[in-house]
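Here numbering that gives the first Met the number 0 is used: the first residue of the sequence shown is 0, the next is one more, and so on. Data block below; observations after.
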Amino acid sequence: MRRFGRFLILVLLLSPSLVFTVSCGPKPYCDTSLVTLDETRLELQTNREEAQETDKQVEELKKELEEVQTRISRLEGKPKDLLKKIRELK
């Protein structure tokens, strides 16, 4: 029990200094070339443009889906009429 008490006291005394030395250092220098930064910016711009185009396509597809759903709702109650038209076309 005494060993544990000594160990606990030692840990309590050393932990603040360890935390200070490990966590409070200066930030490391970011060694990135300007070419890499320019490529990343260009890729970001390209991705944003693609996202805008995708949003436009989604809106167009939503409109088409609404049109198809309205067509389906119009035809739901008329299966007999549709079967007659199919037979006539054959």
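Each residue gets a CB set at the ideal place from its N, CA and C atoms; glycine is no exception.
query	result
Integer-rounded CB distance, given that L74 should sit under 8 angstroms from L64	Not quite, the Cβ-Cβ distance comes to about 16 angstroms (not below 8 angstroms), so this is no contact.
Separation of R40 from D54, as counted between CA atoms	21 angstroms
Rounded separation between L60 and K26 - CA only	48 angstroms
The alpha helix (DSSP H) enclosing D80, as first and last residue numbers	P78 to L88
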